[in-house]
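These notes are about the structure you will find just below.
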Amino acid sequence: MPAQPAPLPVPATVPGSAARELGPRQGHPVVLCHGFTGTVQSLGRWPDALAEAGYRVDVPRLPGHGRSWRWANRTGWQDWYRATERSLLRSTVDSPAVVGGLSMGGALALALAIAHPRRVAGLVLVNPAVRAANPLVPLAPVLRHVLPSAPGIASDIADPAAPAEIAYDRVPVHALASQLRLWSGVRTRLGEVTCPVLLLRSATDHVVPARSSREILQGVSSPDVTEVVLVRSHHVATLDHEAGVVCSESTDFVRRVLG
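Under the UniProt record's numbering, the sequence shown has 246 at position 246, and the numbering climbs by one with no breaks.
So, in structure tokens, the structure goes:
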């Protein structure tokens, strides 16, 4: 009988990547989701700004993230979705929440709005990903059998003075293939999204194409949709020149939706 491979030891958690819960316990709930290969740190002051405005903010760390790309390859979109769903269900015992997400976190936020329309009162999407700019990404389901990782996509930030994004320096290809299934499922059900939507997108984004935001804006059934174009920022807008715009626009939107 062939020997079984040794189990992969659990890697240490990357500093700055821990899940966060902040804001007053009696505040209306907000759930924020980080992106693929990133961590909670990539959201910058976004959670803090909402907490300072009086909202109770829950920011889960997605399974497989904040440790190592090899660890991420052991997870898939169902794991990431369940983690965000747990945060939503925990946060919305008494009242619905606004859910926000950066990049893949935006796809997870859309998935939550589709599955739990009574619990999601509104969406804030920052450079949401349901498509990729790299033409090789659709090949991930095939490449995963021969290529465990690819060069990383972190820190697409225009501001040279901004902090670097804490994210993997390699893309876990098996996990990437799973992300494609998440995107496909969300795209086919965009019409089921009926809650108010605030979408902030960067004019220059080297990770997610403009087509991704257009498809979302055209696909949702929400009568209340606002688009804000960030002209000085790249993909990780929450750490970039217009991070303050993300915070202020989000706070105004949440206040309008939740009170």
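Every residue gets a Cβ at the ideal spot worked out from N, C-alpha and C, and that includes glycine.
Residue i - containing beta strand (DSSP E), residue span
i	result
A113	Careful: A113 lies outside any beta strand (DSSP E), inside the alpha helix (DSSP H) at M104 to A115.
V254	Per DSSP, V254 belongs to no beta strand (DSSP E); it is in the alpha helix (DSSP H), A243 to L258.
R20	R20 to L22
L32	P29 to C33
Cβ neighbours of residue i in the same chain (closer than 7 angstroms, five flanking residues each side left out)
i	result
L112	T84, E85, L88, V99 and V120
T92	P29 and R119
F36	S103, M104 and Q179
A109	C33, V99, G100, G101, L123 and L125
S222	V193, T194, C195, P196 and V197
R45	A243 and C247
L40	Residue identity check: residue 40 is Val in the sequence provided, not Leu. Here the set comprises S17, A18, A19, R20, H34, V59 and R61.
H206	A133, D156, H234 and H235
V14	T39, G66, R67 and I166
S213	P128, L199 and R201
C-alpha distance - residue i paired with residue j, whole-angstrom precision
i	j	result
R70	D48	30 angstroms
S149	L125	27 angstroms
D169	S42	14 angstroms
L217	P135	22 angstroms
V257	A162	31 angstroms
G38	I153	9 angstroms
R20	G185	28 angstroms
V220	A18	32 angstroms
P209	A129	8 angstroms
R189	F253	24 angstroms
L200	D94	28 angstroms
G64	T75	6 angstroms
L182	G106	11 angstroms
P117	W77	20 angstroms
V225	D159	28 angstroms
Residues near residue i by beta carbon distance below 6 angstroms, same chain, minus five either side
i	result
I157	H234, V236, L239 and D240
A203	V229 and V231
G23	A51, Y55, R56 and V57
L62	W80 and A83
R187	V130
8 angstroms CB neighbourhood of residue i in its chain, flanking five on each side removed
i	result
V173	N73, A140, L143, R144, L147, P148, S149 and A150
R25	R56
V137	L176 and L180
R211	R131
R90	D58
A115	E85
Start-to-end residues for the alpha helix (DSSP H) that takes in residue i
i	result
S202	Per DSSP, S202 belongs to no alpha helix (DSSP H); it is in the beta strand (DSSP E), V197 to S202.
L89	W77 to S91
E227	No alpha helix (DSSP H) contains E227, which is instead part of the beta strand (DSSP E) from V225 to L230.
Near the ligand NAP: residue i beta-carbon under 8 angstroms from a heavy atom
i	result
H65	No copy of the ligand NAP occurs in the structure displayed, which carries no ligand at all.
Residue-level contact to chain C via CB, residue i, 9 angstroms cutoff
i	result
H234	As a matter of chain content, chain C is missing from the structure shown, which is built from one protein chain.
Whole beta strand (DSSP E) runs in the segment 101 to 183 with 3 or more residues, listed along the chain? 120 to 126, 149 to 151 and 170 to 172
Going along the chain, which unbroken runs of the beta strand (DSSP E) with 3 or more residues stay wholly within the segment 37 to 61? Listed in chain order, they are 56 to 59.
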